[in-house]
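Note that the working numbering has the sequence shown beginning at 67, numbered continuously upward.
Only one structure is covered here, and it is reproduced in the block below.
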Amino acid sequence: MSDKMDMRISGSSTMPGGEYGKVSISGSGKVQGNLKCESLSCSGAGKVKGDMVAQNVSCSGSVKVEGSMDCREKLSTSGSFQCTGPVEAQELKCSGSFQAMGKVTGGEFRISGAMRAEAGVHCREFRSSGSTRIQGDLEAEHVRLKGITEISGLLNAETIEISAGASSEIGDIGVGTITVRQEDTTFRFFGFSIGRTPSLRTNSIEGDRVELEYTTAMVVRGKEVIIGEGCKIDRVEYTETFQAQPGTVGQAVKI
67 MSDKMDMRIS GSSTMPGGEY GKVSISGSGK VQGNLKCESL SCSGAGKVKG
117 DMVAQNVSCS GSVKVEGSMD CREKLSTSGS FQCTGPVEAQ ELKCSGSFQA
167 MGKVTGGEFR ISGAMRAEAG VHCREFRSSG STRIQGDLEA EHVRLKGITE
217 ISGLLNAETI EISAGASSEI GDIGVGTITV RQEDTTFRFF GFSIGRTPSL
267 RTNSIEGDRV ELEYTTAMVV RGKEVIIGEG CKIDRVEYTE TFQAQPGTVG
317 QAVKI
């Protein structure tokens with residue numbers, strides 16, 4: 067058992083920073099200074115006016131950290147989590163809202179709610195089925211995107227799978243293997259297909275194997291390139307094989 071004192075706030079209270087065991091907030095709690103604890107559980111409104119280090123964080127209410135956040139194991143939010151500095155988490159699970167002003171780094175990230183990162187994301191595995199908005203780059207080994215994605219910089223990964231029912235925008239993409247598919251959101255009216263629009267817009271894609279549908283890009287470079295329906299690619303540069311649906315590519319060059 068831990069010899070550190072636990073902190074429990076069920077009303078409205080302000081506590082000093084320091085080292086604690088379990089921190090539980092079900093009311094309105096403020097921590098004045100840096101906080102180090104084994105776990106933080108918040109179903110109310112919590113604010114940490116300083117840096118925070120914890121093994122586990124669970125937020126079903128509202129948590130704001132005015133500093134940096136170092137979560138050694140799992141950070142889970144089904145409520146609202148905000149951090150004004152960088153965030154590090156071995157596992158991030160977001161079914162609510164997550165916002166970080168600093169860079170977000172860690173292991174496995176699962177986003178089914180809304181994520182906003184103002185200084186880039188670097189992790190081992192990134193999966194999003196909600197709304198992801200990243201200012202800067204997203205770097206990971208494996209990326210799966212489904213939903214709405216906005217990345218202003220470079221998306222760099224070994225494997226990327228994009229299945230979007232809504233339009234997504236990414237600055238540039240560097241990858242080993244990428245597959246882009248659009249969810250079948252077609253509405254049929256008297257036999258006519260209505261409502262299918264490009265699922266991905268990007269400046270450039272460069273990878274070993276590139277397979278695309280409903281993608282708009284200025285240039286695509288790869289060893290093996292397959293351009294499917296709904297694409298609008300200005301230029302394709304390939305080294306081994308190339309296939310394209312008629313009218314999807316402006317110029318194709320073997321290099």
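Glycine included, every Cβ here is placed at the ideal spot set by N, Cα and C.
Counted within 10 angstroms of its Cβ, other Cβ atoms place residue 135 as buried (16 or more) or exposed: When all chains shown are included, residue 135 counts as buried.
Cut-off 8 Å between Cβ atoms - residues of its own chain near residue 256, not counting five sequence neighbours on either side: In this prediction, residue 256 has a pLDDT of 45, which is less than 50 and means its spatial position is unreliable; nothing more can be read from the coordinates.
Reduced DSSP category for residue 132 - H, G, I as helix; E, B as strand; rest coil: The three-state reading of DSSP puts residue 132 in coil, since its state is none of H, G, I, E or B.
Nearest neighbour of residue 289, chosen from 271, 73, 80 and 299 [CA to CA]: Considering only alpha carbons, the answer is 271.
Identity of the residue in 303, 244, 285 and 282 nearest residue 275 by Cα: Checking every option, the nearest Cα to that of residue 275 belongs to 244.
Runs of alpha helix (DSSP H) wholly within the region 109-168 (minimum 4 residues, chain order): Whole alpha helix (DSSP H) segments, 4+ residues: zero.
Residue 320, buried or exposed, once every other Cβ within 10 Å from all chains shown has been counted against 16: Exposed.
Status (buried if at least 16 other CB within 10 Å, exposed otherwise) for residue 77: Taking every protein chain shown into account, the CB of residue 77 has fewer than 16 other CB atoms within 10 angstroms, so this residue is exposed.
Start-to-end residues for the beta strand (DSSP E) that takes in residue 311: In the DSSP assignment, residue 311 falls outside any beta strand (DSSP E) and carries neither an H nor an E.
Reduced DSSP secondary structure (H/G/I, E/B, other) of residue 186: The answer is coil: DSSP assigns residue 186 none of H, G, I, E or B.
Among 112, 285, 180 and 140, nearest to residue 132 - alpha-carbon criterion: If we check each option's Cα against that of residue 132, 112 comes out closest.
Below-7 Å beta-carbon distance, residue 107 vs any chain D residue: Although the question refers to chain D, the structure presented lacks it and comprises just one protein chain.
For residue 201, the first and last residue of its enclosing beta strand (DSSP E): No residue range can be given for residue 201, since it is assigned to no beta strand (DSSP E) and is classified by DSSP as neither H nor E.
Cβ pair residue 126, residue 146 closer than 7 Å: Taking the C-beta atoms as reference points, residue 146 is found no nearer than 7 Å to residue 126.
Extent of the continuous beta strand (DSSP E) to which residue 279 belongs: Annotation for residue 279: no beta strand (DSSP E) segment contains it, and DSSP assigns it neither H nor E.
For residue 300, the residue or residues it bridges with in DSSP: Note: residue 300 sits in no beta bridge, so no partner.
Enclosing beta strand (DSSP E) for residue 88 [first to last residue]: In this chain, the beta strand (DSSP E) harbouring residue 88 covers 78-91.
Residue 97 and residue 71 closer than 7 Å at C-beta: Going by C-beta atoms, residue 97 is not nearer than 7 Å to residue 71.
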